[in-house]
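Undergrad:
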Amino acid sequence: MHLLLGQLTKEKLIQRVKDAKWFSILVDEVTNCATLEQLLIYVDYVDEDGETNFDFLESSFNLVVESQTAIQPGGDYASLELGLKDHGQVEAFPKNVVVNYTTALERNLDKRFQEAAPILEAFSIFDPSCLPKLEDLAFKKYGVDEIKVLHKQFQFDKDHTLAQRYNFKYLMSSLKVPSAVLRGKNDLSPTEFILRKVVKEQVTHRINFPQIMDAAQICLTQPMSNAVVERVASAVKKVKTRLRSRLRNDMMASPFHISLNGPNHDTEECKEMLTEATEVWRKTHFRNLPSIKKLPMDGRSDHEGSLLYPATKADNGIQVEFPDDPQVAGTEAQEVGEVPAETELDAQV
Numbered sequence: 241m242h243l244l245l246g247q248l249t250k251e252k253l254i255q256r257v258k259d260a261k262w263f264s265i266l267v268d269e270v271t272n273c274a275t276l277e278q279l280l281i282y283v284d285y286v287d288e289d290g291e292t293n294f295d296f297l298e299s300s301f302n303l304v305v306e307s308q309t310a311i312q313p314g315g316d317y318a319s320l321e322l323g324l325k326d327h328g329q330v331e332a333f334p335k336n337v338v339v340n341y342t343t344a345l346e347r348n349l350d351k352r353f354q355e356a357a358p359i360l361e362a363f364s365i366f367d368p369s370c371l372p373k374l375e376d377l378a379f380k381k382y383g384v385d386e387i388k389v390l391h392k393q394f395q396f397d398k399d400h401t402l403a404q405r406y407n408f409k410y411l412m413s414s415l416k417v418p419s420a421v422l423r424g425k426n427d428l429s430p431t432e433f434i435l436r437k438v439v440k441e442q443v444t445h446r447i448n449f450p451q452i453m454d455a456a457q458i459c460l461t462q463p464m465s466n467a468v469v470e471r472v473a474s475a476v477k478k479v480k481t482r483l484r485s486r487l488r489n490d491m492m493a494s495p496f497h498i499s500l501n502g503p504n505h506d507t508e509e510c511k512e513m514l515t516e517a518t519e520v521w522r523k524t525h526f527r528n529l530p531s532i533k534k535l536p537m538d539g540r541s542d543h544e545g546s547l548l549y550p551a552t553k554a555d556n557g558i559q560v561e562f563p564d565d566p567q568v569a570g571t572e573a574q575e576v577g578e579v580p581a582e583t584e585l586d587a588q589v
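Mind the numbering: the sequence shown is residues 241 to 589 in my numbering, read in order.
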């Protein structure tokens, strides 16, 4: 049942990612109590309601074996036809990822951001603090260079994107940004505030600004920091203790999904997931169990349609009955032919 709940949570997450048009992946490394490094995979996406989600996807501490299995005939990546000749290349990165992580990051940091910096700077078209005033001459040409960078990187139609940019800057100038956001006293930056607002209202804006909306979603899904990923380290310590230091990937991933991505208690989503997991568990193997519809409900005469047994408290100690009146106890003992202990002591004295 524990694995089923984790698997159902993961499947629902994967379905939401499939429904999203844009998403990004962030991989980070964490060390557990067994001093084993493992990779944690997070996914950032925008759901159908326009909300940005950054959820745990998978963990792996045996990536080398998994990669070798995946490239074999019949594996998930067999179509790549890597073959044994590339076996060393496939194995090199996952095997040495922890050893060379810091060195490679330091060596390639500048090189990587030299290529990514123009793209990240191009998203400044969503920053209201950079938008010139309507009466300024710079307002007319604002965002042209940035749109060219985005069009080249994400294969947008250049002419349509430039035309949408011309009208979108008027829309952005009409949006009211709270003063706390502009002064930096809010958790949201001005750019993130505009992005979340336009994506939340994408049903209205997508008709006039389809490619601008795509650029906004791409910007929201960019993993700019691994701070959110670090919170899974506490979950690793709770799940993988010293007494449970040899858990498999599936046994570890299920508690992570339940703890990090699962629904809150006492919600309809939680009840639906428990019901679905119970039905899958009952269909997996034949079990001599009562029908789901006949399980009892709490405090009701109707025993139809519940999967929850009422929670009761039980004392684990030994229950012993002590009479309230000792004289009554002595009288009852004499009636059954027993002599009270006090009478025996008096006779001996």
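Note that the Cβ used here is the ideal one computed from N, Cα and C, for glycine as well.
Would you say the stretch 449-458 touches the stretch 391-405, given that touching needs at least three Cβ pairs under 8 angstroms?
TA: Contact between the stretch 449-458 and the stretch 391-405 is present, because at least three Cβ pairs lie under 8 angstroms.
Undergrad: For the alpha helix (DSSP H) containing Ser414, list its first residue and its last residue.
TA: Looking at the DSSP string, the run of the alpha helix (DSSP H) that includes Ser414 is Lys398 to Ser414.
Undergrad: By a C-beta neighbour count over all protein chains shown, 10 Å radius and 16 as the cutoff for buried, is Asp542 buried or exposed?
TA: Note that Asp542 has pLDDT 46, beneath the 50 cutoff, so the model's placement of it is unreliable and no number is given.
Undergrad: Who does Phe263 pair with in a DSSP beta bridge?
TA: Tyr285.
Undergrad: With distances taken Cα to Cα, identify the nearest neighbour of Ala420 among Pro430, Asp287 and Ser494.
TA: Minimum Cα distance to Ala420 is reached at Pro430.
Undergrad: Check each candidate in Thr249, Asn293 and Ser369 and name the one with the smallest Cα separation from Phe263.
TA: The shortest Cα separation from Phe263 among Thr249, Asn293 and Ser369 belongs to Asn293.
Undergrad: Starting from Pro450, trace the alpha helix (DSSP H) in both directions and tell me its first and last residue.
TA: Counting along the chain, the alpha helix (DSSP H) containing Pro450 begins and ends at Pro450 to Leu460.
Undergrad: Give every residue of the same chain whose Cβ lies closer than 8 angstroms to the Cβ of Ala378, excluding the five residues on either side of it in the sequence, and list them in chain order.
TA: Answer for Ala378: Pro372, listed in chain order.
Undergrad: Alpha carbon to alpha carbon, how far is Val417 from Glu512? Give it in angstroms, no decimals.
TA: Rounded to the nearest angstrom, the two C-alpha atoms are 39 angstroms apart.
Undergrad: Would Thr507 be called buried (16 or more neighbouring beta carbons within 10 Å of its own) or exposed?
TA: Label assigned to Thr507: exposed.
Undergrad: Counting C-beta neighbours from all protein chains within 10 Å, is the total for Cys459 16 or more, i.e. buried, or is it exposed?
TA: Result: buried.
Undergrad: Measuring alpha carbon to alpha carbon, tell me which of Asp427, Met453 and Pro495 ends up nearest Val439.
TA: Of Asp427, Met453 and Pro495, the residue nearest in Cα terms is Met453.
Undergrad: Specify the secondary structure class of Val426 as computed by DSSP and reduced to three states.
TA: Going by the sequence as given, residue 426 is Asn instead of Val. The answer is coil: DSSP assigns Asn426 none of H, G, I, E or B.
Undergrad: Bridge partners for Asn293 per DSSP, in chain order?
TA: Per DSSP, Tyr285.
Undergrad: Roughly how many angstroms lie between the CA atoms of Ser414 and Gln255, to the nearest whole one?
TA: Whole-angstrom Cα-Cα distance: 36 angstroms.
Undergrad: Report buried or exposed for Val286, applying the criterion of at least 16 other Cβ atoms within 10 angstroms of its Cβ.
TA: Answer is buried; the Cβ neighbour count reaches 16.
Undergrad: Under 8 angstroms, do Ile359 and Gly383 count as touching if we go by C-beta distance?
TA: No, Cβ-Cβ distance for Ile359 and Gly383 is not below 8 angstroms.
Undergrad: I think Glu386 touches Ala362, with their Cβ atoms under 8 angstroms apart; what is that distance to the nearest whole Å?
TA: Rounded, the Cβ-Cβ distance is 4 angstroms, consistent with contact.
Undergrad: DSSP on Pro503, reduced to helix/strand/coil?
TA: Three-state DSSP puts Pro503 in coil, outside helix and strand.
Undergrad: Please check the pair Asp284 and Thr461, which I expect to be a contact at CB under 8 angstroms, by giving their CB distance rounded to whole angstroms.
TA: About 5 angstroms separates the two Cβ atoms, so the contact holds.
Undergrad: Can you have a look at Leu374 and say buried or exposed, based on whether 16 or more other CB atoms are within 10 angstroms of its CB?
TA: Counting Cβ neighbours within 10 Å, Leu374 comes out exposed, since fewer than 16 surround it.
Undergrad: Quick check: the Cα distance between Leu514 and Val257, rounded to an integer number of angstroms?
TA: Straight-line Cα distance between these residues: approximately 22 angstroms.
Undergrad: What first and last residue would you give for the alpha helix (DSSP H) that runs through Val389?
TA: Counting along the chain, the alpha helix (DSSP H) containing Val389 begins and ends at Val384 to Phe394.
Undergrad: Within the same chain, show all residues whose beta-carbon is closer than 6 angstroms to that of Asn426, passing over the 5 residues directly before and after it, in chain order.
TA: Closer than 6 angstroms at Cβ, skipping near neighbours: Ala420.
Undergrad: State buried or exposed for His505, treating a residue as buried only when at least 16 other CB atoms are found within 10 Å of its CB.
TA: By the 10 Å Cβ count, His505 comes out exposed.
Undergrad: What does the alpha-carbon distance come out to for the pair Lys261 and His400?
TA: Distance between the alpha carbons of Lys261 and His400 is about 19 angstroms.
Undergrad: Give the straight-line distance between the Cα atoms of Lys325 and Asp397, rounded to the nearest whole angstrom.
TA: Low per-residue confidence applies at Lys325: pLDDT is 47, beneath 50, and the placement is therefore not dependable, though the value from the model is reported in the following sentence. Approximately 41 angstroms, taken between the alpha carbons.
Undergrad: Just mark Glu251 as buried or exposed, buried being the case when its beta carbon has 16 or more other beta carbons within 10 Å.
TA: Under this definition Glu251 is an exposed residue.
Undergrad: Given a cut-off of 8 angstroms on the beta-carbon distance, is the pair Leu428 and Ser369 in contact?
TA: Contact: no.
Undergrad: In or out: Thr249 buried (at least 16 other Cβ within 10 Å) or exposed?
TA: Buried: at least 16 other Cβ atoms inside 10 Å.
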